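Protein chains in written order, with the numbering used here: chain U, 17 to 127; chain H, 17 to 127.
Working notes, beginning with the structure itself.
Protein chains: 2
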Amino acid sequence: MLDLKWSPSEKAIARKAYNQAFEREMAGAIAKVKKKADEIKEPDDLWKLQEHLTKLRRQIDEKYDYRYSVLHTVFARLIYEGHLSEAELQGIGEDKMKYIRMCLALWREQD
Amino acid sequence: MLDLKWSPSEKAIARKAYNQAFEREMAGAIAKVKKKADEIKEPDDLWKLQEHLTKLRRQIDEKYDYRYSVLHTVFARLIYEGHLSEAELQGIGEDKMKYIRMCLALWREQD
């Protein structure tokens, strides 16, 4: 957890980027669920969809956490997973970007 | 719970009726889920589908219980809910049908 000060303009940029990442990820998730539903043939497929949705919901709930104290880790993960680009964070101070890049490097190291 | 003796031919009729009811109910459930998935527009719809599937799974798990000691209550419920007809149980002895009808009457009284 960090105690960085986010200025009003940084907060506006952060909120917009966060919402866009969420909308993008959810649009992809919705398309995937529609495809899975379309391919259901038997009861087992229905339960596989139930498991997929339950896991997805848990992941989304855990991932999207808009507290400024953890936002650098959230943005790093969203960039790592391809839901956000660094360019969309333009205007956010180097004091925050430094931590975002550090977290991003950790994610990439795991590959 | 009852301790009725089911003959081999009664068991065969019961198993077939049980499987048919299951297949029918699941075919309806699958069609409903496909329709719900097709209508998803936003994240909230996705979570509504998750809740629907989780509830459905719990209900199906609870309802389909092929133990001879409780089968009369299972058949009564399946008839009550329209997944099975009494005619499909033809060949099952009156000693069992009596209990199935008693349970069915209880379901109908709740209406």
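We treat Cβ as the ideally placed atom computed from N, Cα and C, and that holds for glycine.
Please read all numbers here as calculations on a predicted model, not as lab measurements.
By the Cβ criterion, the segment 85 to 95 of chain U is in contact with the segment 28 to 40 of chain U, since at least three pairs of Cβ atoms, one from each stretch, lie closer than 8 angstroms. Contact annotation for H:Lys-50 against chain U: Ala-53, Asp-54, Ile-56 [CB-CB distance below 8 angstroms, chain order].
Inclusion of H:Glu-26 and H:Gly-109 in the CB contact set at 8 angstroms is warranted, their separation being smaller than that value. The CB of H:Thr-70 comes closer than 9 angstroms to the CB of Gln-66, Leu-69, Thr-70 in chain U, given here in chain order. Taking CB atoms only, H:Met-42 has a neighbour in chain U less than 8 angstroms away.
The alpha-carbon of H:Lys-21 is positioned some 59 angstroms away from that of U:Asp-81.
Any Cβ of chain H closer than 8 angstroms to the Cβ of U:Arg-31 would place that residue at the interface, and such an atom is absent.
With a threshold of 8 angstroms between beta carbons, H:Leu-62 makes contact with chain U. Around the CB of H:Glu-78, fewer than 16 other CB atoms lie within 10 Å, so the residue is classed as exposed. Contact annotation: in the segment 70 to 92 of chain U, residues whose CB is within less than 9 angstroms of a CB in chain H are Thr-70, Leu-72, Arg-73, Ile-76. In this model, H:Lys-51 and U:Arg-73 are separated by some 20 angstroms (Cα to Cα).
Interface with chain H (8 angstroms Cβ-Cβ cutoff): U:Ile-46 is included.
If you check the CB distance, H:Val-49 and U:Leu-69 do not come in under 8 angstroms. The contact set of H:Pro-59 on chain U, defined by CB atoms closer than 7 angstroms, consists of Met-42 in chain order.
Rounded to whole angstroms, the separation of the alpha carbons of H:His-88 and H:Leu-105 is 11 angstroms.
Listed in chain order, the non-local C-beta contacts of U:Ile-116 below 6 angstroms within the same chain comprise His-88, Phe-91, Ala-92, local neighbours out to five positions each way being set aside. Straight-line measurement puts the Cα of U:Ala-47 at about 28 angstroms from the Cα of H:Arg-40.
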